Amino acid sequence: MTSTYDDPAARYTYRSPLVDRLRKAGELEVGRLRLLMPPSFGFCWGVDRALAMVQDARRRFGDRPMWLLNSIIHNPRVNDDMRRMGIGFLKGPLAEPGALDRLGPEDVVVVPAFSAAVEEMKLLAERGVEIVDTTCPWVIKPHKRALKYIREGFTTVVHGTVGHDETRATCSLVRHHGGHYVVVHNLAEAEVLAGFLRGRLDARALAAGLHPQATDPDFDPARHLARIGVINQTTMLASESRAIADLFRRALTERDGEERLDEVFRDFDTICSATQENQDAAHAVAGRGPDLFIVVGGYDSSNTRNLARVGDGHGVPAFHIEGPEALESDRIRHRDRDSGRILETADWLPPGPVAVAFTAGASTPDAILGQVVARVVELAGETLAA
Ligand code: SF4
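Residue 325 in my numbering sits at position 288 of the sequence shown, with consecutive numbering throughout.
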């Protein structure tokens, strides 16, 4: 099944006319309020495209049983909508017990934007199910790069999260093609690997500094770190991925010399900057000096938490909320960045002229952000023009 959702600048699902308006204008005056919107926020193109493809597939396959291999995004409202459309889950916390074992040719299975493990794709093929593959084209690029590394004798180092669907799929691909991998989650773990490359840490210290499932089962650091190539999980911050690649480049230059660097190190040019763009755009809008910064997204969403921290650097009071129900005229319910506790803060909306900036995490539909903006306008005693 092909996609016609090829414009990364467009929004195809969960649209909100109010958010569309704000996205276009960047700013809106509503009575005493000045509403500010960053140029980039919310769903990335790959996720939006995947959701649009699911809606198409639901129409196209009528009453046939339809399943998501895994959640497309971790958003309760989107998952509820999927269930309302009669779409079940095969894996993850929402999985229907035994459904995976009962799959047959009548079933339609959606592969999510972040792709699937080789073993999962094989199982689907064996069962003869109809596959709707929504894998994001940007996710395929690091996969191709990893296969190239294997062909050229390099071990793949993934900047990603062990267990995340995308990294799980990448690691399975590498393993399936006889390659080796190491996953580093952040700069701290990358420092551990760089310490081993420089000969300052031994294999035991390396293993202790990484996630227990960070490497393939046959990984031998003494042999498999002679030549490394780096890729990243596309939802990581691009700036951190680049810093990690630079760290390895320096470590290998120290170990093998500048003249051998090309032989032992490969960098990537496949980075997807969707997450970074949201972060940079949040800095830009917070830098405009709003009185308030409202960040909308799940409390457990790490990219939303990162967005909520942006206000701190600009001295702007920032509130991380999950949706419009968090807002009352006299208080706001939000997640405290340091303690992780859910707090209620009184008198959050000052009287008089107020500039309010907004952004949304990568799993927040525009429709929810739109409800939040409308609620702020209502609580300020103002009315949106039709
Ligand atoms: S983060 Fe980038 S690569 Fe990943 S699904 Fe979104 S658009 Fe695609």
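Ideal Cβ placement from N, Cα and C applies to all residues, glycine included. Everything numeric in this text was worked out from a predicted model, so none of it was measured.
Asked, Found
"Does the beta-carbon of residue 403 have 16 or more other beta-carbons within 10 angstroms, so that it is buried, or is it exposed?", "buried"
"May I have a chain-ordered list of the alpha helix (DSSP H) segments no shorter than 4 residues that lie completely inside the region 204-287?", "224-234, 240-246, 258-261"
"Do residue 140 and residue 166 have their beta-carbon atoms positioned less than 7 angstroms apart in this structure?", "yes"
"Closest to residue 282 by C-alpha separation, out of 224, 179, 41, 392, would be which residue?", "224"
"Using 10 angstroms around the beta-carbon of residue 348, count the other beta-carbons present and answer buried if the total reaches 16, otherwise exposed.", "buried"
"If I'm right that residue 146 touches residue 161 with Cβ under 8 angstroms, what's the distance once you round it to whole angstroms?", "6 angstroms"
"So is residue 270 buried or exposed if we call it buried at 16+ other beta carbons inside 10 Å?", "buried"
"When we look at the beta-carbon of residue 77 and count the other beta-carbons within 10 Å, is it buried (16 or more) or exposed?", "buried"
"Taking 6 angstroms as the cut-off, is the CB of residue 200 close to at least one heavy atom of ligand 1?", "no"
"May I have the straight-line CA-CA distance separating residue 45 from residue 175, to the nearest angstrom?", "11 angstroms"
"Does the beta-carbon of residue 85 have 16 or more other beta-carbons within 10 angstroms, so that it is buried, or is it exposed?", "buried"
"Check whether the region 101-109 and the region 185-198 are in contact - that is, three or more C-beta pairs closer than 8 angstroms.", "no"
"Is DSSP giving residue 180 helix, strand or coil here?", "helix"
"According to the Cβ coordinates, are residue 154 and residue 87 closer than 7 angstroms?", "no"
"Enumerated in chain order, which unbroken segments of the beta strand (DSSP E) with a length of 3 residues or greater are wholly contained in the region 47-73?", "64-67, 70-73"
"Check whether the Cβ atoms of residue 231 and residue 288 lie closer than 7 angstroms to each other.", "yes"
"Based on DSSP bridge pairs, tell me the residues matched to residue 425.", "The structure shown does not extend to residue 425, since the chain is modelled only from 38 to 423, so the question has no answer here."
"Sorted by chain position, which residues of the same chain lie with C-beta nearer than 6 angstroms to residue 309's C-beta, five sequence neighbours on each side aside?", "175, 271"
"Shorter than 6 angstroms, the distance from the beta carbon of residue 79 to the closest heavy atom of ligand 1, or not?", "no"
"State yes or no: is the C-beta of residue 193 nearer than 6 angstroms to some heavy atom of ligand 1?", "no"
"Any chance the CB of residue 208 is under 6 angstroms from a heavy atom of ligand 1?", "no"
"CB-CB under 6 angstroms to residue 173, same chain, minus the five flanking residues each way: which ones, in chain order?", "83, 150"
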